[in-house]
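Read in order, the letters of the sequence shown correspond to residues 1 to 418 in full-length UniProt numbering. Below is one structure, written out as C-alpha cells; the observations come after it.
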Amino acid sequence: MLEKTSDLLKQIALGEDSILELKNISFKGEKISGPHRNGMADELAAMANTHAGIILLGVDDRTREVVGIPLEKLDLVEDWLRAICNDLIEPPLDCLVRKLFVPVQGEQEKVIIRVDVPRSLFVHQSPGGYFRRIGSSKRQMKPDMLARLFQQRSQARLIRFDEQAVPGARFDDLAPSLWNRFRTVISSHDDQEFLLKMKLISPGENDILCPTVSGVLMACETPDAFMSGAFIQAVCYRGIERNGGYQLDAKDISGPLDIQVRDACRFVERNMRVYAIKAPNRIDTPQFSLNAVFEAVVNAVAHRDYSIYGSKIRLHLFADRLEIFSPGTIPNTMTIDSLSERQSARNELLTSLLARCPMNFNAIGSQRSSIMDKRGEGVPIIIVESEQLSGVRPEYRLLDDAELKLTIYAAPPPPEHG
1 MLEKTSDLLK
11 QIALGEDSIL
21 ELKNISFKGE
31 KISGPHRNGM
41 ADELAAMANT
51 HAGIILLGVD
61 DRTREVVGIP
71 LEKLDLVEDW
81 LRAICNDLIE
91 PPLDCLVRKL
101 FVPVQGEQEK
111 VIIRVDVPRS
121 LFVHQSPGGY
131 FRRIGSSKRQ
141 MKPDMLARLF
151 QQRSQARLIR
161 FDEQAVPGAR
171 FDDLAPSLWN
181 RFRTVISSHD
191 DQEFLLKMKL
201 ISPGENDILC
211 PTVSGVLMAC
221 ETPDAFMSGA
231 FIQAVCYRGI
241 ERNGGYQLDA
251 KDISGPLDIQ
261 VRDACRFVER
271 NMRVYAIKAP
281 NRIDTPQFSL
291 NAVFEAVVNA
301 VAHRDYSIYG
311 SKIRLHLFAD
321 RLEIFSPGTI
331 PNTMTIDSLS
341 ERQSARNELL
351 TSLLARCPMN
361 FNAIGSQRSS
371 IMDKRGEGVP
381 IIIVESEQLS
391 GVRPEYRLLD
401 DAELKLTIYA
411 APPPPEHG
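See below:
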C-alpha cells in the first residue's frame, strides 16, 4: 500500500481519506507541543478499529505541505509515538514505524515518519472512547456499532489464533531453510501452494499473502520482531529469592520455537548443579531431571496464549526450584487437577509442526524422536521424574486466570554436599 515515494507524494497532494492521515509535528524546546497525545491516540485507534491505514507525521493536513521533521528530533518523535501506542491505547497497538526521505520541489529532501497502522483483531479504546474512521475523520462509535464490531472481531478470533495472518509480516520474512524442513515426498513442489496448505501463510489485508502466527513462530529467524512476546526470558538467581541484585545468568531466548526449546533447556543444564557421589562408584545427581525440564519447556511454548500482547514465557531458576510462567489460562474445560489426565491443544497447528521437528536436545531419559508428543505424556513425565528426584511433587498454579505457573523443586544435595 503506497510503497513508492512517488505514489505517496501523489496521495499527499490529494489529501486525507479513509486510509491516510496527515499530521504536522510542532515542538517547544525538547518537547512535542502538537498534536496532543490523546488526540493522536484517538486517530491511531480509530484507524485500527476500521481498516489498515497510514499516518504521515511531518505533513500539514490543511496545506498538504511536506514540512518535515528535523533529523535531531526523529528519535524524540518515535519515542513519543510508541509511548502513545503502548500507554494510551487499550489493548496496545503494534504499528510499523519508518523514517523516510521525501523530495520537495525547489528544496532539499525532508524527513517524515510513516506509521503503518494494521487492521486489528481487537477493538481498541483510546482516551476519548471508542472511535471508528469514516472518510478522513474519526467518529465515536454508537453502542450498536460498537457491539457489532466486538462481535465481528470476536468471530475473527474464532479462527485459531495460530492460523491467523500477522500484521506487518511479509512473505519474505519466512526463511526457506526453516519451512522446507516440513516438506515431505508428497508435498507440493510449488512453494506458495505448499505454504498455504501448511497454513504457514494466509491472505491478509487486501488479500496479500503474509505469514501466519505459526509461520512466524516456526519459520522466521526472529519471531519477536513481529510478535513482541514471542521469546523466553531466562534468569538464574543466586539463592531462593527473585532479586535482580542476585542474578547469576540471564538471557532472552529467541528464534523459532524449536530453537527456543533447545536453548532454554541448555540454559537450565548450564546453570543447575550436579552432585557427584563417589562411593562406591561415582554417581551424578542433577538438581533437575532434564527430561522433565524439556517436557515443561515444550508445553510452555506449544500451549501458551500468543494472543496476549507483550506477554512472554518466563523461566526462573533458583537454588531450590525452577519456575516456568506461561501466558494464558488453561484451555477449554481443563482444570489444574486434570492436567496430567486430559489433553487439549490451544495451538493445534503449532503442536503439529513441533511434532515434525526432530529432537535437538539430549533430554536424558527421553524416548522421543520428535520435540512434540501428541499422546499427552508430557505432564506425567514432569510430575513423576521430578518427584522421584526431589521427593516433592511439582506444582501447577493459575495466577489471576491469566498465567500458568509450574514449579519444579530441586533435588536436595547429598549429605556430604549439604
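Ideal Cβ placement from N, Cα and C applies to all residues, glycine included. Keep in mind that this is a model prediction, so the values were computed, not measured.
- Residue environment: Ile336 is assigned as exposed (fewer than 16 neighbouring CB atoms within 10 Å of its CB, all protein chains considered).
- Glu16 counts as buried, since no fewer than 16 other beta carbons sit within 10 angstroms of its beta carbon.
- With distances taken between CA atoms, Cys95 lies nearest to Phe226 out of Arg181, Ala410 and Phe226.
- As the crow flies, the alpha-carbon of Asn206 is around 11 angstroms from that of Pro118.
- Scanning Phe325, Ser326, Glu385 and Ile277 for the CA closest to the CA of Pro414 turns up Ile277.
- Within 10 angstroms of the beta-carbon of His189 lie fewer than 16 other beta-carbons, which makes it exposed.
- With contacts defined as CB atoms closer than 8 angstroms, Gly68 and Val97 fail to qualify as a contacting pair.
- The beta carbon of Ala264 lies closer than 7 angstroms to those of Ile232, Ala234, Ile253, Val297 and Leu315 in the same chain, with the five residues before and after it left out.
- Put simply, the stretch 166-173 does not touch the stretch 124-133. Fewer than three CB pairs are less than 8 angstroms apart.
- Sequence-distant partners of Asn243 (beyond 5 residues in either direction) whose C-beta falls short of 8 angstroms from its own C-beta, in its chain, are Tyr237.
- Contact check between the stretch 282-301 and the stretch 366-382: three or more CB pairs, one atom from each, fall below 8 angstroms, which counts as touching.
- Here the C-alpha atom of Phe161 lies approximately 48 angstroms from the C-alpha atom of Glu107.
- By the C-beta density criterion, Lys312 is buried, having at least 16 other C-beta atoms within 10 angstroms.
- As computed with DSSP, Val235 is found in a beta bridge with Ala250 and His316.
- Per DSSP, the beta-bridge partners of Cys210 are Ser202.
- Ala363 is positioned such that its CB atom lies no closer than 8 angstroms to that of Ser390.
- In the DSSP assignment, Leu93 falls outside any beta strand (DSSP E) and carries neither an H nor an E.
- Ranked by Cα distance from Leu257, the options Ile89, Thr351 and Gln125 are led by Thr351.
- According to DSSP, residue pairing for Glu323 in a beta bridge involves His316 and Thr407.
- Look at Arg304 here: in three-state DSSP terms it is coil, with no helix or strand label.
- Residue pairing by DSSP puts Phe101 in a beta bridge opposite Val111.
- Ser366 and Arg114 have their C-alpha atoms spaced approximately 51 angstroms apart.
- In this structure, Tyr409 places its C-beta atom within 8 angstroms of the C-beta atom of Asp320.
- Per the coordinates, the alpha-carbon of Asn299 lies some 20 angstroms from the alpha-carbon of Ser228.
- Straight across, the Cα-Cα distance linking Glu30 with Gly58 is about 16 angstroms.
- The Cβ atoms of Arg273 and Gln287 lie closer than 8 angstroms to each other.
- For the options Arg262, Leu353, Arg304 and Ala13, the alpha carbon positioned closest to that of Leu290 is the one of Arg262.
- Going by DSSP, Glu21 is part of no alpha helix (DSSP H) but of the beta strand (DSSP E) stretching over Leu20 to Lys23.
- Of the residues Cys210, Asn360, Phe101 and Asp116, the one whose Cα lies closest to the Cα of Ala52 is Asp116.
- Asp75: member of the alpha helix (DSSP H) spanning Leu74 to Asp87, first to last residue.
- By the Cβ rule, the stretch 28-45 counts as touching the stretch 80-93, because three or more pairs are nearer than 8 angstroms.
- DSSP lists no beta-bridge partner residue for Val379.
- For Ser33, the uninterrupted beta strand (DSSP E) run begins and ends at Lys31 to Gly34, by DSSP.
- In the three-state reduction of the DSSP assignment, Ile277 falls in the strand class.
- For Ser202 against Phe194, the beta-carbon gap comes to about 13 angstroms, at or over 8 angstroms, which does not count as contact.
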